[in-house]
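For reference, the structure is listed below as structure tokens.
Numbering (the UniProt record's numbering), first residue to last: 1 to 155.
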């Protein structure tokens, strides 16, 4: 399995802690970003330390935004420009992408998902249907399908 560097923004929040717990089961390098005192304490309970956003995002293969939906636009505006070419941004709110709240870069793949929302691809369950939707949102289909396939293994 390929070792990836993953920056988890909002790592000490409710969803961020769940994601961090699952990512730790794999062989990934996890860089946790958290600015709230309680979130930093939750990370410490897990043996994780908070990293500055600039340091966490620099060179990351994947950046996950596990932040409140209302903050995605503001936070992504600071994160996306820092991402390396070829990296993937995973956003946990489909509405943000559809409302054009994510800065656009042709050299970054965007993967949008959330366990509490209906499927992003409506009733479409075939790879071909999903691939068309992925291309409309930006990113290489193979990158997005690879991320989807890897989700069951902690990415």
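Backbone N, C-alpha and C fix where the C-beta goes; we use that ideal spot for every residue, glycine too.
Proximity winner among 27, 63, 92, 17, relative to residue 2 (alpha-carbon distances): Walking along the chain shown from the start, residue 2 turns up at place 2. It is 27 whose Cα lies nearest to the Cα of residue 2.
In angstroms with no decimal places, state the Cα-to-Cα distance between residue 11 and residue 34. Working through the chain shown from its first residue, we reach residue 11 at position 11. Working through the chain shown from its first residue, we reach residue 34 at position 34. Rounded to whole angstroms, residue 11 and residue 34 show a C-alpha spacing of 6 Å.
Contact set for residue 77: own chain, Cβ-Cβ below 7 Å, skip 5 residues either direction: Residue mapping note: residue 77 aligns to position 77 of the chain shown, counting from 1. The answer, listed in chain order, is 103.
Limits of the unbroken alpha helix (DSSP H) element including residue 79: By 1-based counting over the chain shown, the position of residue 79 is 79. Start and end: 72-79.
Residue 81 to residue 45 span [Cα, whole Å]: Taking the first residue of the chain shown as 1, we reach residue 81 at position 81. Taking the first residue of the chain shown as 1, we reach residue 45 at position 45. Rounded to the nearest whole angstrom, the C-alpha separation of residue 81 and residue 45 is 31 Å.
How far does the beta strand (DSSP E) with residue 15 in it reach, from first residue to last? As a first step, residue 15 is located in the chain shown; it is residue number 15 there, counting from the start. Careful: residue 15 lies outside any beta strand (DSSP E), inside the alpha helix (DSSP H) at 14-23.
Nearest to residue 14 by CA position, among 7, 31, 39, is which residue? Within the chain shown, residue 14 is the residue found at index 14, counting from 1. Nearest to residue 14 by C-alpha distance, out of 7, 31, 39, is 39.
Quick check on the DSSP output: the beta strand (DSSP E) that includes residue 31 runs from which residue to which? The sequence position of residue 31 within the chain shown is 31, counting from 1. Residue range 29-33 is occupied by the beta strand (DSSP E) that includes residue 31.
Start and end residues, alpha helix (DSSP H) containing residue 56: Position 56 of the chain shown, counting from 1, holds the residue named residue 56. That run of the alpha helix (DSSP H) goes 53-57.
So what does residue 3 bridge to, in DSSP terms? On the chain shown, residue 3 is found 3 positions in, with the first residue counted as 1. In the DSSP secondary-structure assignment, residue 3 is not bridged to any residue.
Taking 8 Å as the limit between beta carbons, can you name the residues of its chain near residue 6, skipping five residues before and five after? Position 6 of the chain shown holds residue 6. Residues of the same chain with a CB within less than 8 Å of the CB of residue 6, apart from the 5 flanking positions on each side, are 23, 28, 29, 30, 31, 60, 61, 62, 63, 64, 155 in chain order.
Check for me: the alpha helix (DSSP H) holding residue 89 runs from which residue to which? As a working mapping, residue 89 is identified with position 89 in the chain shown. That residue, residue 89, is in no alpha helix (DSSP H); its beta strand (DSSP E) goes 88-91.
Return helix, strand or coil for residue 40, following the three-state DSSP convention. Locating residue 40 in the chain shown gives position 40, counting from the first residue. Correct three-state label for residue 40: helix.
In angstroms, rounded to a whole number, what distance separates the CA positions of residue 20 and residue 49? Along the chain shown, one-based indexing puts residue 20 at 20. Along the chain shown, one-based indexing puts residue 49 at 49. Residue 20 and residue 49: Cα-Cα distance of roughly 11 Å.
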